[in-house]
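Student:
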């Protein structure tokens, strides 16, 4: 859906759709249908969530197709960095901070916090595009919260 929106809305024609604002608003409106239009609300029951797609569209759409593509690639790169780091964390501690029965491992919790701090310093220290930094840090904050939550069900 994401790549489709970029290709269709950046290359669309017509005077009305020459503005990136109009293209992005149409894409976000289409994404909101799963929350407001009864025939497609069933998607929400299966974990299909369009809210992340809207965030990606808002931070990616720009006036030109080239700049939009550049922002899309940098956002994807930041997301990949964060996912790789999350896989590392879950690989070392497969249950996150939970030991058993909701009991918390102090070693795993300290590792999670230290990992977040080191990841943040590395991402901000390198000369990455701001969009890549934003996506990497926002996803890493989410993944770290899941890792540090002993009752987490997201894996």
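Numbering (my numbering), first residue to last: 6 to 160. Here a beta-carbon is modelled for each residue, glycine too, at the ideal position from N, C-alpha and C.
1. Under 7 Å between the Cβ atoms of residue 152 and residue 117?
2. From 83, 32, 61, pick the residue whose C-alpha is nearest to that of residue 125; which is it?
3. Report the rounded CA-to-CA distance for residue 140 versus residue 94, giving the unit in angstroms.
4. What do you reckon, are the CB atoms on residue 148 and residue 91 nearer than 7 Å?
5. Using 8 Å for Cβ pairs, my map puts residue 36 next to residue 63. What's the rounded Cβ distance?
6. Which residue comes first and which comes last in the alpha helix (DSSP H) that contains residue 135?
7. Counting C-beta neighbours from all protein chains within 10 Å, is the total for residue 66 16 or more, i.e. buried, or is it exposed?
8. Would you kindly work out how many angstroms separate the C-alpha atoms of residue 44 and residue 122, rounded to a whole number?
9. How big is the Cα-Cα spacing for residue 86 and residue 40?
10. Straight-line CA distance for residue 134 to residue 76?
11. Return the residue from the list 111, 68, 74, 102 that minimises the CA-CA distance to residue 28.
12. Just tell me which of 89, 143, 100 has its CA closest to the CA of residue 154.
13. How many Å lie between residue 145 and residue 42 at the Cα?
14. So, for residue 31: in the same chain, excluding its five sequence neighbours on each side, which residues have a beta-carbon less than 6 Å away from its beta-carbon?
15. By the 10 Å Cβ neighbour count, where 16 or more other Cβ atoms means buried, how is residue 46 classified, buried or exposed?
Tutor: Let's see:
1. As a working mapping, residue 152 is identified with position 147 in the chain shown. As a working mapping, residue 117 is identified with position 112 in the chain shown. Cβ atoms of residue 152 and residue 117: closer than 7 Å.
2. Taking the first residue of the chain shown as position 1, residue 125 is located at position 120. Of the listed residues, the one whose Cα sits closest to residue 125 is 83.
3. Taking the chain shown and counting its residues from 1, one reaches residue 140 at position 135. Taking the chain shown and counting its residues from 1, one reaches residue 94 at position 89. Looking at the two C-alpha atoms, the distance is approximately 18 Å.
4. Translated into the one-based positions of the chain shown, residue 148 becomes position 143. Translated into the one-based positions of the chain shown, residue 91 becomes position 86. Going by C-beta atoms, residue 148 is nearer than 7 Å to residue 91.
5. Counting from one through the chain shown, the residue named residue 36 turns up at place 31. Counting from one through the chain shown, the residue named residue 63 turns up at place 58. That belief does not hold up - the Cβ atoms of residue 36 and residue 63 are roughly 10 Å apart, past 8 Å.
6. Residue mapping note: residue 135 aligns to position 130 of the chain shown, counting from 1. 135-153 is the span of the alpha helix (DSSP H), which, as asked, contains residue 135.
7. Your numbering for residue 66 matches position 61 in the chain shown. Classification for residue 66: buried.
8. For the purposes of this step, residue 44 is taken as residue 39 along the chain shown, with counting starting at 1. For the purposes of this step, residue 122 is taken as residue 117 along the chain shown, with counting starting at 1. Residue 44 and residue 122: Cα-Cα distance of roughly 44 Å.
9. Your numbering for residue 86 matches position 81 in the chain shown. Your numbering for residue 40 matches position 35 in the chain shown. Computed Cα separation, rounded: 30 Å.
10. Residue 134 sits at position 129 when you count from the first residue of the chain shown. Residue 76 sits at position 71 when you count from the first residue of the chain shown. Roughly 9 Å between the two C-alpha positions.
11. Sequence index remark: in the chain shown, residue 28 carries index 23 (1-based). Among 111, 68, 74, 102, the Cα nearest to that of residue 28 belongs to 68.
12. Taking the chain shown and counting its residues from 1, the one referred to as residue 154 is at position 149. Answer by Cα proximity: 100.
13. Here residue 145 is taken as the residue at index 140 of the chain shown, counted from 1. Here residue 42 is taken as the residue at index 37 of the chain shown, counted from 1. Taking the straight line joining both Cα atoms gives about 32 Å.
14. If you number the chain shown from 1, residue 31 lands on position 26. Hits under 6 Å: none found.
15. Here residue 46 is taken as the residue at index 41 of the chain shown, counted from 1. Exposed, by the Cβ-count rule.
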